[in-house]
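Inspection log for the structure reproduced underneath, given as structure tokens.
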Amino acid sequence: MEIITEIVGFSAALLGAIHMVPQFVKSIRTKSVKDVSFYMILLYFFATGLWALYGYMANSLPVLLGDGFNFVITCAQLVAKLKYEKNG
17 MEIITEIVGF SAALLGAIHM VPQFVKSIRT KSVKDVSFYM ILLYFFATGL
67 WALYGYMANS LPVLLGDGFN FVITCAQLVA KLKYEKNG
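Residue numbering for the sequence shown follows this note's numbering, beginning at 17 and increasing consecutively.
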């Protein structure tokens with residue numbers, strides 16, 4: 017049963033980690049972020065940062081990897097929002 021739990025955990029981490037990638041890629045390709053909410057990105061920044069910290073503290077590799085990657089993508093999306101909104 018433990019192996020199934022790990023598979024579910026890593027699967028959820030993978031899907032959770034990649035769900036922001038399409039929006040980030042679109043923002044970079046179009047150099048447009050007008051439809052992306054700044055507050056949504058900011059809230060997600062704090063949420064994923066805290067989840068990654070929790071994953072580290074709880075020694076939970078699926079949580080740490082998934083939300084650590086999400087945190088990086090969210091940081092990149094935040095930078096894109098600030099950069100392209102200023103230029104747009």
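Built from N, CA and C at the ideal position, the CB exists for glycine as well. Note that this is a predicted model, so its numbers are computed, not measured.
Compute the Euclidean distance between the alpha carbons of residue i and residue j, then round it to the nearest angstrom.
i: Val49; j: Leu31; result: 23 angstroms
i: Leu77; j: Gly71; result: 6 angstroms
i: Thr8; j: Glu18; result: Absent from the model: residue 8. The displayed extent of the chain is 17 to 104, so no value can be given.
For residue i, which of helix, strand or coil comes out of DSSP?
i: Ser27; result: helix
I'd like to check one pair, residue j with residue i: are the Cβ atoms closer than 7 angstroms?
i: Ala28; j: Asn86; result: no
i: Ser53; j: Ala96; result: no
i: Phe40; j: Leu94; result: no
i: Asp51; j: Thr64; result: no
i: Leu59; j: Ala68; result: no
i: Ile89; j: Met36; result: yes
Ranges of the alpha helix (DSSP H) found wholly within the region 42 to 74, counting only runs of at least 4: 54 to 73
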